[in-house]
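Worksheet for the structure shown next.
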Amino acid sequence: MIGGGYVGLVSGACFAEFGTEVTVVEADAGKLAALNDGRMPIYEPGLEKLVQENVAAGRLTFTADLAAAVAGAEAVFIAVGTPTRRGDGHADLSYVFAAAEQVARALTGYAVIVTKSTVPVGTGRRIQEIVRSTRPDLEFDVASNPEFLREGNAIGDFMRPDRVVIGTESDRARAAMRTLYRPLYLIEAPIVFTSIETAELTKYAANAFLAMKVTFINEMADLCEKVGADVHDVARGIGLDGRIGRKFLHPGPGYGGSCFPKDTLALVRTAQDFGAPSRLVEATVAVNDARKSSMAMRVIAACGGSVRGKTIAVLGLTFKPETDDMRDSPSLAIVSRLAGDGARIRAFDPEGMAQAKPLLPDSVVYCTDALDAATGADALVLITEWNEFRALSPVRLGDAMRGRVLVDLRNVYDPVAMREFGFEYFGIGRA
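Right under this line is the structure:
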């Protein structure tokens, strides 16, 4: 497994749990040292225990020596980063192509080279060209096996997936991948074999569609506020239709994270390059970007039109609960705008504060818990719906705060109850 980041580490640990011998190659010395010490470089529920158990069983090891890890391997997964390329929105594939060349030089016999990273259409074919030009003598196949892991539930998604998509035209590669995923056949998980291009596009199409659902319900929430409707009832009314489904119909401050922002933008650029522009995805990207900024304006409006000199408590910084991932989190735009307008920010997140510090203004004060953040605050803003925030005592919260403005960007609290406790409550998509 080339890459010990989120995808590589989770996938490697889960394959080891299946009984496969896995070596994870990690070039970052700090991450490698942490992994060899049993410390996880990312927060993911259950991952530390899974890694420790498989390391103890001898099925999972970590190294920086790619050549030694790849020699004799039957399958090599490339799970390195594909960040948005600066300037044009395309996925940066430099790490993928560099890994492919290194793998080609190190292989000692037949292997399936599998892209686990999220890559645009055509990447698999380019990897084939790189490997052939590097090692004309090598017998190999290339496959695409995109991941569909939700942060916070990644292990469950790997072990009990909705589906596994594998793109390859080689019977030998199909046989090797079937062997790797054999435990999933026993639970009758759907294994979908396609062409390489189809597998590559499926990943982007899935994420773009989910991002559109999130953006759609956010726009419906804005309309609900104007006409006096309740977005939760609207979401339930349409979500019970099996053609639509209930998931990803929760209004909020916009999507973030490692996948949706990067993948929607990459799909837009790919579609444009091939002369088949995706107007729906283009609109989704634009609307979501604008929404994050508009959330800060909601807070400012709730505070009477200005936050200058006011203390704002912020609960939740990560883009979603059960992760420490700050990538493209709505909190980045919201907190930066509020701080830029003169607000004093007191913030708390159960897992994401270390990752947030280099990304947010230096003036932000990081607190020990939710009530500490609320102490002396004129207004409280809930951005990420961690479970521990749901059960906060309104009485203790009110006693800690100086003001009574509550801006709930995830609709965690009951508006009627919070108003009965004296809060000036502002939610999303509620009359």
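By our numbering, the letter at position 200 of the sequence shown is numbered 200, and the numbering carries on one by one without gaps.
Just so you know, even glycine gets a beta-carbon here, dropped at the ideal spot from N, CA and C.
Item to check | Distance cut-off 8 Å: Ser117 Cβ against heavy atoms of the ligand MG | outcome: This structure lacks the ligand MG, and indeed carries no ligand of any kind.
Item to check | C-alpha gap between Glu351 and Ala104, whole angstroms | outcome: 39 Å
Item to check | Buried versus exposed, by CB contacts within 10 Å (16 or more), Arg86 | outcome: By the 10 Å Cβ count, Arg86 comes out exposed.
Next on the checklist: Is it buried or exposed, Phe449, if we count other Cβ atoms within 10 angstroms and call 16 or more buried?
Outcome noted: Since the first residue shown for the chain is 1 and the last is 431, residue 449 is missing from the structure and cannot be characterised.
Item to check | alpha helix (DSSP H) runs contained entirely in the stretch 103-156, provided each spans 4 or more residues | outcome: Listed in chain order, they are 123-134.
Item to check | Boundaries of the alpha helix (DSSP H) in which Ala29 is found, first to last residue | outcome: 29-36
Item to check | Cutoff 6 Å; reference Val365; Cβ partners in own chain excluding five residues on either side | outcome: Answer for Val365: Arg346, listed in chain order.
Next on the checklist: Tell me which residues share the same chain as Met418 and place their Cβ nearer than 7 Å to its Cβ, disregarding the 5 neighbours each side in the sequence.
Outcome noted: Excluding sequence neighbours, Met418 sits near Pro394, Leu406, Tyr425.
Checklist entry - From Asp28 to Val70, what distance separates their C-alpha atoms? => result 18 Å
Next on the checklist: Quick check on DSSP: helix, strand or coil for Ala229?
Outcome noted: coil
Checklist entry - At what residues does the alpha helix (DSSP H) containing Arg174 begin and finish? => result Start and end: 171-180.
Next on the checklist: Taking a contact to mean a Cβ-Cβ separation below 9 Å, would you say Thr375 touches Asp349 in this structure?
Outcome noted: With contacts defined as CB atoms closer than 9 Å, Thr375 and Asp349 fail to qualify as a contacting pair.
Checklist entry - Do Ser258 and Lys116 have their C-beta atoms within less than 9 Å of each other? => result no
Item to check | Distance, Asn145 Cα to Val164 Cα | outcome: 8 Å
Next on the checklist: For a cutoff of 9 Å on Cβ pairs, would you count Ala283 as touching chain D?
Outcome noted: No chain D is present in this structure, which holds just one protein chain.
Checklist entry - If you run the structure through DSSP and keep just helix, strand and coil, what is Arg298? => result In the three-state reduction of the DSSP assignment, Arg298 falls in the helix class, which pools H, G and I.
Checklist entry - By Cβ distance below 6 Å, which residues in the same chain neighbour Gly81 in space, the five residues on each side in sequence not counted? => result Tyr95
Item to check | the stretch 179-188 in contact with the stretch 33-49 per 3-pair CB rule at 8 Å | outcome: Contact fails: fewer than three Cβ-Cβ distances are below 8 Å.
Checklist entry - On the premise that Gly122 lies in contact with Ala143, defined as a C-beta separation below 8 Å, what is that separation, rounded to the nearest angstrom? => result Ala143 to Gly122, Cβ: 15 Å. No contact.
Next on the checklist: Please state whether the Cβ-Cβ distance between Thr63 and Thr23 is less than 9 Å.
Outcome noted: yes
Next on the checklist: My assumption, with CB atoms under 8 Å, is that Gly256 sits in contact with Arg150. Please give the rounded CB distance.
Outcome noted: Their Cβ separation, rounded to whole angstroms, is 14 Å, which puts Gly256 and Arg150 out of contact at 8 Å.
Checklist entry - Looking at C-alpha atoms only, which residue of Asp230, Val314, Gly3 is the closest neighbour of Val76? => result Checked all of Asp230, Val314, Gly3; the closest Cα to Val76 is Gly3.
Checklist entry - Buried or exposed: Asp324, going by 16 or more other Cβ atoms within 10 Å of its Cβ? => result Asp324 comes out buried.
Item to check | Contacting residues, own chain, Cβ-Cβ under 7 Å from Gly239 (five flanking each side not counted) | outcome: Gly245, Arg246, Leu249
Next on the checklist: So, at 7 Å on beta carbons, what are the nonlocal neighbours of Asp372 in its own chain, with the 5 sequence-adjacent residues on each side left out?
Outcome noted: Phe348
Checklist entry - Just checking my contact of Leu360 with Ser336 at CB under 8 Å: how many whole Å lie between their CB atoms? => result That pair is a contact at about 7 Å.
Checklist entry - Which of helix, strand or coil does DSSP assign to Pro408? => result The question names Pro, but residue 408 is Asp in the sequence shown. It is a strand residue.
Checklist entry - When DSSP labels each residue in this structure, what does Thr215 get in the three-state scheme? => result helix
Next on the checklist: Please classify Met297 as buried or exposed, where buried requires at least 16 neighbouring CB atoms within 10 angstroms.
Outcome noted: Exposed, by the Cβ-count rule.
Checklist entry - Which one of Arg126, Val55, Phe140, Ala56 has the shortest CA to CA distance from Glu74? => result Put simply, of Arg126, Val55, Phe140, Ala56 the residue whose alpha carbon is nearest the alpha carbon of Glu74 is Phe140.
Item to check | Length of the line joining the Cα atoms of Val131 and Ala100 | outcome: Near 7 Å, if we compare the C-alpha coordinates of Ala100 and Val131.
Checklist entry - Could you give the distance in angstroms between the alpha-carbon of Leu66 and the alpha-carbon of Asn411? => result Near 47 Å, if we compare the C-alpha coordinates of Asn411 and Leu66.
Item to check | For Thr198, three-class secondary structure by DSSP | outcome: Three-state DSSP puts Thr198 in a helix.
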